[in-house]
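Chemist:
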Amino acid sequence: MSGTDATPGTVGRRRPGRPDRPAAGAPPEPRSASYYGRPIVRPPNWAALDIAGYFYAGGLAAGCAVLAGGAQLTGRPALARACRLGALGGVALSLVGLVHDLGRPGRFLNMLRVVKPTSPMSMGSWILCAFGPPAGVAAVCELTGRLPRLGRLATGVAALVGPAVATYTAVLLADTAVPAWHEGRRELPLLFAGSATATAAGLGMLAAPVAQASPARAAAVFGAGAELLADARMRRRLGLLAEPYRTGRGGRLTRAGRVLTATGALVGACAGALPGRRGRLVAALGGAALLAGGACTRFGVFAAGVASARDPKYTVLPQRARLAARRRGEEAARDAAGEAGADGAG
């Protein structure tokens, strides 16, 4: 018997390293494994404290700048003071986290050597540079009491740039290949803007007297509503890719963020109706809940993205679904063209 013939000891035995062949006519089983179990998309190597903290502090700074502008226009000096200082503190912490992740300050400065409108990272660097100086000038003028006109002008400039600071980090995430971030590109900017508004409102409620904090209470309800709406819509639309936002560390953090944000907005809204110290205590509790909820949301979105990059199924299965839908569309178009040709011939 030749060496290529089967022997009783090898009949029905699969050769090592070869997958079983599917039965005739049976469709292949769907698989989501990548090459030797390695992730198809390289997971981000960012430290959560640096980058998620950078997102959170930057959003807080942006929301505070906008709220400070509104407080200045409506004659609420205590709220404007708290938000000016919050904007400076937030942008400073944001830059600390970014520079720590980059390794040294020179790398951040290198990003300012060019202006590339098609790069969210390049535009984000310039947005931060446009925001930081006026936020700093407004806070310094507030603390020293000098040059009030310059302080008011700087507050207005920071308020105008604030919305871009609040949302560009969402665009930065959506521009990556990380599945849970890229596919959430429609809702992430609104989610981040709402979170920035709610957290800034929380700081305003915590630091300003109840009598001057009515814009902060209104902003808390508005921001929390926008954040929760965007979050619910994103989880409903993403299908399989919503799993990282529902399970694991990302799921736990985003759930906590939703609960804290909704609770903080509702509790804070009641503070204006309560007299004296009771209203102040309720406002402080609501503000603290909003600040904690915003942190949970940002860290939860970060954790969900990392989890989706590590598991190949979040890359493979959506790709297969898109390919199948494209093929169905092409087949439907061919069938429609064939029917039209038959009708014309008849």
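Position 12, counted from 1, in the sequence shown is what full-length UniProt numbering calls 12; the numbers after and before it change by one each time, with no gaps. The C-beta atom is built at its ideal place from N, Cα and C for all residues, glycine as well.
Alpha carbon to alpha carbon, how far is Gly-25 from Val-96?
Modeler: Note that Gly-25 has pLDDT 48, beneath the 50 cutoff, so the model's placement of it is unreliable and no number is given.
Chemist: Just to confirm the assignment, what range does the alpha helix (DSSP H) spanning Asn-110 have?
Modeler: Taken as a continuous stretch (DSSP letters only), the alpha helix (DSSP H) holding Asn-110 covers 105-110.
Chemist: Would you mind sorting Val-91 into buried or exposed? The rule is 16 or more other CB atoms within 10 Å of its CB.
Modeler: Under this definition Val-91 is a buried residue.
Chemist: Mind the definition here: the segment 305-322 touches the segment 201-219 only if three or more C-beta pairs lie below 8 Å; say whether that holds.
Modeler: Contact fails: fewer than three Cβ-Cβ distances are below 8 Å.
Chemist: Using DSSP with H/G/I as helix, E/B as strand and the rest coil, what is Trp-126?
Modeler: Residue state, collapsed to three classes: helix.
Chemist: Pop quiz: Pro-120 and Val-171 are said to be a contact at Cβ under 8 Å. What is the actual Cβ separation, rounded to whole angstroms?
Modeler: Yes, Pro-120 and Val-171 are in contact; Cβ-Cβ is about 5 Å, under 8 Å.
Chemist: Nearest by alpha-carbon distance to Cys-83: which of Met-205, Leu-281 and Arg-185 is it?
Modeler: Checking every option, the nearest Cα to that of Cys-83 belongs to Met-205.
Chemist: Give me the residue from Ala-174, Ala-139, Ala-138 and Leu-128 with the minimum Cα distance to Val-161.
Modeler: Minimum Cα distance to Val-161 is reached at Leu-128.
Chemist: For Leu-102, which residues of its own chain have a beta-carbon under 7 Å away from its beta-carbon, when the five flanking residues on both sides are left out?
Modeler: The answer, listed in chain order, is Phe-108.
Chemist: Roughly how many angstroms separate the alpha carbons of Thr-261 and Gly-279, rounded to a whole number?
Modeler: Cα to Cα, Thr-261 sits roughly 19 Å from Gly-279.
Chemist: Where does the unbroken alpha helix (DSSP H) through Gln-72 begin, and where does it stop?
Modeler: Counting along the chain, the alpha helix (DSSP H) containing Gln-72 begins and ends at 48-73.
Chemist: With distances taken between CB atoms, is the gap from Gly-59 to Ala-196 smaller than 7 Å?
Modeler: Yes, these two residues count as a Cβ contact at 7 Å.
Chemist: For Arg-233, does the three-state DSSP call read helix, strand or coil?
Modeler: If DSSP states are grouped into helix, strand and coil, Arg-233 belongs with the helices.
Chemist: Taking buried to mean at least 16 other C-beta atoms within 10 Å of its own C-beta, is Thr-254 buried or exposed?
Modeler: Buried is the call here.
Chemist: Among Glu-243, Ser-94, Val-210 and Gly-293, which residue has its Cα nearest to the Cα of Leu-281?
Modeler: Selected option, being the one with the closest Cα: Val-210.
Chemist: Would DSSP call Pro-134 helix, strand or coil?
Modeler: Three-state DSSP puts Pro-134 in a helix.
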